[in-house]
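Participant: In case it helps, the working numbering puts the sequence shown at residues 12 to 126.
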Amino acid sequence: VNTGSAVGRRSQLDRDTRKQDKELAQPLSEKDEKIVSPVVSVQTPQDIDLEIVKEEKDLLEYGLEQLKFALKRRGLKCGGTLHERAKRLFSVKGKSKDEYPQELLAGSKKKKKRK
């Protein structure tokens, strides 16, 4: 039995492990962070310029959160599916706030009187 080669391999493995640990302890450069980081940058929602939107379906590309933000900015109801939000937002294109249909406006619900 040749124990010298097993010991040699183990000590080489220990050296390699220490080297890897040392490398991992070093802070990542910005370049490395961009490659390694699984975190997707989160964009702050911004208003949508309806003047550049040609069709209702174009609004779908903005996603739920962007549409919600744009609806809230206009004082409109902001719930519903992606398609419902897009339809609601597109329906006010070219209108001033006082021209918005009442049923689309966000507001407090009237409380029902209890008997």
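All C-beta atoms in this analysis are idealised placements derived from N, C-alpha and C, irrespective of residue type, glycine included.
This structure is a prediction, so every number in the text was calculated from the model and none was measured.
Quick check for students: name the residue ranges of the alpha helix (DSSP H) that lie wholly in the stretch 88-123, counting only runs of 4 or more.
Facilitator: Correct list: 93-101.
Participant: Between G74, T28, Q23 and D60, which lies nearest to H94 when the distance is taken from Cα to Cα?
Facilitator: Position 83 of the sequence shown, counted from the first residue, corresponds to residue 94. For H94, the nearest C-alpha among the options comes from G74.
Participant: When you compare only the Cα positions, how much space is there between Q113 and A97?
Facilitator: Position 102 of the sequence shown holds residue 113. Position 86 of the sequence shown holds residue 97. Rounded to the nearest angstrom, the two C-alpha atoms are 17 Å apart.
Participant: Starting from Q77, trace the alpha helix (DSSP H) in both directions and tell me its first and last residue.
Facilitator: By one-based count along the sequence shown, residue 77 stands at place 66. Looking at the DSSP string, the run of the alpha helix (DSSP H) that includes Q77 is G74 to R84.
Participant: Our contact map puts L115 next to S102 with C-beta atoms below 8 Å; I'd like the distance itself, whole angstroms only.
Facilitator: Sequence index remark: in the sequence shown, residue 115 carries index 104 (1-based). Sequence index remark: in the sequence shown, residue 102 carries index 91 (1-based). The pair is a contact, with the Cβ atoms about 7 Å apart (cut-off 8 Å).
Participant: Relative to the C-alpha of T92, which candidate in A81, E110 and L71 has its C-alpha closest?
Facilitator: By 1-based counting over the sequence shown, the position of residue 92 is 81. Comparing Cα positions, the closest option is L71.
Participant: In terms of alpha-carbon separation, which member of L24, G105 and A117 lies closest to I59?
Facilitator: By 1-based counting over the sequence shown, the position of residue 59 is 48. For I59, the nearest C-alpha among the options comes from G105.
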